[in-house]
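Novice: UniProt numbering applies: residue 1 is where the sequence shown begins, and numbers increase by one.
Cβ coordinates follow ideal geometry from the N, Cα and C atoms, glycine included.
The model shown is predicted, which means the values in this text are computed figures rather than measured ones.
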Amino acid sequence: MPTRRLLQSAASLAPSASSCTSTRALLALQHLSISSPSHPSRLPITQRRNAWFGFGRKKTVSSEEIESVSKELLPADHRMKLQKQVRGGGIEPDSIFSDEVEEAEKKTAADAEASDITGGLNRGKDVLARAIDPDPRSRVRWERKMVIRHVAKATDPFSREPRLARIKRTEKQLHEKSPWLGTSVKKLVHLSRQIAGKTVEEALVQMRYSKKKMAKEIAYQLELARDRAVVERGMGLGGVKVQSEDAAEDGVKDARKEVQQIKTKDGKYIEIDDPTKLYIAQSWVERGPLRGFRKSPRARGRMDLIKKPSTSISVLLKEQKTLIREHKEREEKKHRQGPWVHLPDRPITAQRQHYSW
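1) Who are the Cβ neighbours of residue 260 in its own chain at under 6 Å, not counting the five residues just before and after it?
2) Taking the continuous beta strand (DSSP E) assigned at residue 297, which residues delimit it?
3) Can you determine whether any heavy atom of the ligand PLP sits closer than 6 Å to the C-beta of residue 228, and answer yes or no?
4) Apart from the five residues on each side of it in sequence, which residues of its chain come closer than 6 Å, Cβ to Cβ, to residue 342?
5) Considering residue 281, what are the terminal residues of the beta strand (DSSP E) in which it resides?
6) What do you reckon, are the CB atoms on residue 153 and residue 159 nearer than 7 Å?
7) Assuming contact is defined by CB atoms lying nearer than 7 Å, are residue 309 and residue 184 in contact in what I supplied?
8) Work out the CA separation of residue 270 and residue 336 for me, nearest whole Å.
9) Is residue 45 helix, strand or coil when you go by DSSP?
10) Which value, in whole angstroms, describes the spacing of the CA atoms of residue 306 and residue 291?
11) Can you name the residues that DSSP bridges to residue 262?
12) Using the rule of at least 16 other Cβ atoms within 10 Å of the residue's Cβ for burial, across every protein chain shown, is residue 219 buried or exposed?
13) Sorted by chain position, which residues of the same chain lie with C-beta nearer than 7 Å to residue 133's C-beta, five sequence neighbours on each side aside?
14) For residue 230, which residues of its own chain have a beta-carbon under 8 Å away from its beta-carbon, when the five flanking residues on both sides are left out?
15) On the criterion of 16 or more Cβ atoms from any shown chain inside 10 Å, does residue 224 qualify as buried, or is it exposed?
16) Using a threshold of 7 Å, state whether the C-beta atoms of residue 221 and residue 178 are closer than that.
17) Residues bridged to residue 304 by DSSP?
18) Could you work out which residue in 328, 332, 352, 319 is closest to residue 171 when comparing CA atoms only?
19) Starting from the Cα of residue 199, find the closest Cα among 141, 190, 321 and give me that residue.
20) Between residue 44 and the rest of its own chain, which residues show a CB-CB distance below 6 Å, the 5 nearest in sequence each way excluded?
21) Among the candidates 298, 123, 284, whose CA atom is the shortest distance from the CA of residue 316?
22) Taking C-beta to C-beta, are residue 196 and residue 262 nearer than 7 Å?
23) Excluding sequence positions up to five away, which residues of its chain have a Cβ less than 7 Å from the Cβ of residue 212?
24) Output needed for residue 175: all residues of its chain with C-beta closer than 6 Å, excluding positions within five of it in sequence on either side, in chain order.
25) Can you tell me whether residue 165 is buried or exposed, with buried defined as 16 or more other CB within 10 angstroms of its CB?
26) With burial defined as no fewer than 16 other Cβ atoms inside 10 Å of the residue's Cβ, what is the status of residue 37: buried or exposed?
27) Thinking just about the alpha-carbon of each residue, which of 210, 216, 201 is nearest to the one in residue 227?
28) Note down, in chain order, each residue of its chain lying with its Cβ closer than 6 Å to the Cβ of residue 326, except the 5 sequence neighbours on either side.
29) Pick helix, strand or coil for residue 167, following the three-state DSSP scheme.
30) Under the three-state reduction of DSSP, which class applies to residue 342: helix, strand or coil?
31) Compare the C-alpha of residue 266 against each of 311, 323, 297 and name the closest.
32) With distances taken Cα to Cα, identify the nearest neighbour of residue 233 among 276, 298, 203, 264.
33) Does the distance from the CB of residue 180 to the CB of residue 296 come in under 7 Å?
34) Which parts of the region 153 to 215 are runs of the beta strand (DSSP E), unbroken and 3 residues or longer, counting only runs that do not cross its ends?
35) On the CB-based measure, 16 or more other CB atoms within 10 Å of its CB, does residue 146 come out buried or exposed?
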């Protein structure tokens with residue numbers, strides 16, 4: 001029990017008349033409270049010090065902990081060497097198998113070419129086959145199964161090739177997307193609508209005589225898409241004039257087919273003399289990230305931030321044989337549906353002499 005509480009309780013219990021007795025009692029109690037080691041004095045919680053328990057001190061790192069952490073942070077190559085030393089088994093030099101091991105190591109070193117080893121890894125076919133083709137028998141079995149299935153479908157008279165698969169096999173297309181241009185969607189969308197549906201030559205003529213700033217950029221992208229389609233996909237090569245051996249008098253024979261007149265989905269009639277001529281099937285624009293802001297001072301010390309947008313244009317090039325196929329599909333659908341019947345053809349019943357309404 002704290003000393004001050006003992007003194008306070010003793011003073012309250014002592015009578016006021018005998019001051020001498022109370023003084024002696026207080027001294028005795030104080031002597032007992034100080035001399036007794038079993039009840040040490042304690043300060044309040046707010047005044048208690050925590051320095052004895054180690055709180056608030058900076059933790060000193062021992063040298064053993066530093067060594068353990070440094071071992072964990074060793075370089076990767078050093079760790080690999082240590083792992084090889086631990087895992088790799090070896091034989092003694094005087095072993096009877098030492099000659100065979102040396103011959104095998106020399107043989108593997110001679111087989112591994114310098115060109116196959118890049119970045120410390122052997123990229124030879126034999127080595128990579130373990131990871132790329134771990135089960136060659138199953139792979140060959142699966143390939144044989146797929147070939148048999150393909151041949152069975154192709155030779156089956158009742159099988160039918162899917163429509164999308166037939167279109168992808170017989171028709172070509174190329175998608176070209178421009179980089180982000182320094183203009184807005186509202187300005188570029190008008191040029192995109194202007195070239196949609198036209199041939200590449202007609203679209204280039206439109207962009208050549210256009211007053212728009214981005215017309216030159218679109219013309220450049222169209223030329224780039226046309227060159228890519230010719231080189232990468234082999235599109236637009238059907239109208240090439242070839243010399244005919246039979247027609248020696250004419251000298252040059254045009255390989256293009258006869259002129260076909262078709263009706264587009266917009267109701268326009270066009271003539272196609274070369275089914276492989278390139279045209280712009282689709283054209284659309286996309287909004288890009290902002291290039292920045294421009295400050296515009298206003299009245300009363302205010303200011304507006306004008307955004308600087310960026311936009312890209314994408315075109316999808318196809319050959320005009322696609323237009324011919326779409327025209328034939330629309331005509332076949334019209335013939336399948338037959339003429340439009342406004343009222344059903346049924347006999348009139350309940351005829352009367354006078355009106356019934």
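Specialist: By the coordinates alone:
1) Position 260 of the sequence shown, counted from the first residue, corresponds to residue 260. Contacts found: 272.
2) On the sequence shown, position 297 is the one that residue 297 refers to. Element bounds for residue 297: 292 to 297.
3) Among the components modelled here there is no ligand, and therefore nothing to report on the ligand PLP.
4) By one-based count along the sequence shown, residue 342 stands at place 342. Excluding sequence neighbours, residue 342 sits near nothing in its chain.
5) Position 281 of the sequence shown, counted from the start, is the residue given in the question as residue 281. That run of the beta strand (DSSP E) goes 278 to 287.
6) Translated into positions along the sequence shown, residue 153 becomes position 153. Translated into positions along the sequence shown, residue 159 becomes position 159. Yes, they are a contact pair.
7) Taking the first residue of the sequence shown as position 1, residue 309 is located at position 309. Taking the first residue of the sequence shown as position 1, residue 184 is located at position 184. In this structure, residue 184 lies closer than 7 Å to residue 309 by Cβ.
8) Stepping through the sequence shown from its first residue, residue 336 is reached at position 336. Stepping through the sequence shown from its first residue, residue 270 is reached at position 270. Approximately 24 Å, taken between the alpha carbons.
9) Residue numbering aside, residue 45 sits at position 45 when the sequence shown is read from its first letter. Interpretation of residue 45 is limited by its pLDDT of 48, a score under 50 that renders its predicted location unreliable; the figure taken from the coordinates is listed afterwards. In the structure shown, residue 45 sits in a helix (DSSP, three-state: H, G or I).
10) Numbered from 1 along the sequence shown, position 306 holds the residue referred to as residue 306. Numbered from 1 along the sequence shown, position 291 holds the residue referred to as residue 291. Answer to the nearest angstrom: the Cα atoms are 11 Å apart.
11) The residue given as residue 262 occupies position 262 in the sequence shown. Per DSSP, 270.
12) Residue mapping note: residue 219 aligns to position 219 of the sequence shown, counting from 1. Looking at its Cβ environment, which holds 16 or more other Cβ atoms inside 10 Å, residue 219 is buried.
13) Along the sequence shown, one-based indexing puts residue 133 at 133. Result list for residue 133: 139, in chain order.
14) The residue you call residue 230 lines up with position 230 of the sequence shown. Around residue 230: 236, 237.
15) As a first step, residue 224 is located in the sequence shown; it is residue number 224 there, counting from the start. Flag for residue 224 reads exposed.
16) Locating residue 221 in the sequence shown gives position 221, counting from the first residue. Locating residue 178 in the sequence shown gives position 178, counting from the first residue. Yes.
17) Start at 1 with the first residue of the sequence shown, and residue 304 comes out as number 304. BP columns for residue 304 point to 296.
18) Locating residue 171 in the sequence shown gives position 171, where the first residue counts as 1. Among 328, 332, 352, 319, the Cα nearest to that of residue 171 belongs to 319.
19) The residue you call residue 199 lines up with position 199 of the sequence shown. With distances taken between Cα atoms, residue 199 lies closest to 321.
20) The sequence position of residue 44 within the sequence shown is 44, counting from 1. Residue placement at residue 44 is poorly supported in this model, since its pLDDT is 49, which falls under 50; the coordinates still yield a value, given next. So the list is empty, once near-sequence residues are dropped.
21) Looking up residue 316 in the sequence shown gives position 316. Nearest option by C-alpha distance: 284.
22) Stepping through the sequence shown from its first residue, residue 196 is reached at position 196. Stepping through the sequence shown from its first residue, residue 262 is reached at position 262. No, the Cβ-Cβ distance between residue 196 and residue 262 is not below 7 Å.
23) If you number the sequence shown from 1, residue 212 lands on position 212. Taken in chain order, the residues that qualify are 191.
24) The count along the sequence shown starts at 1 and reaches residue 175 at position 175. Cβ within range, chain order: 316.
25) To locate residue 165, count along the sequence shown from 1; it is residue 165. Result: exposed.
26) Along the sequence shown, read from residue 1 onward, the residue named residue 37 stands at position 37. Reliability fails at residue 37, whose pLDDT of 49 lies under 50, so the model's placement of it is uncertain and no value is given.
27) For the purposes of this step, residue 227 is identified with residue 227 of the sequence shown, where counting begins at 1. Comparing Cα positions, the closest option is 201.
28) Taking the sequence shown and counting its residues from 1, the one referred to as residue 326 is at position 326. Cβ neighbours of residue 326 beyond the five flanking positions: none.
29) The count along the sequence shown starts at 1 and reaches residue 167 at position 167. Residue 167 falls in the helix class under three-state DSSP.
30) Start at 1 with the first residue of the sequence shown, and residue 342 comes out as number 342. Reduced to three states, the DSSP call for residue 342 is coil.
31) By one-based count along the sequence shown, residue 266 stands at place 266. Checking every option, the nearest Cα to that of residue 266 belongs to 323.
32) Start at 1 with the first residue of the sequence shown, and residue 233 comes out as number 233. With distances taken between Cα atoms, residue 233 lies closest to 276.
33) The sequence position of residue 180 within the sequence shown is 180, counting from 1. The sequence position of residue 296 within the sequence shown is 296, counting from 1. Not a contact, by the Cβ cut-off of 7 Å.
34) 173 to 177
35) Along the sequence shown, one-based indexing puts residue 146 at 146. Its Cβ having fewer than 16 others within 10 Å, residue 146 is exposed.
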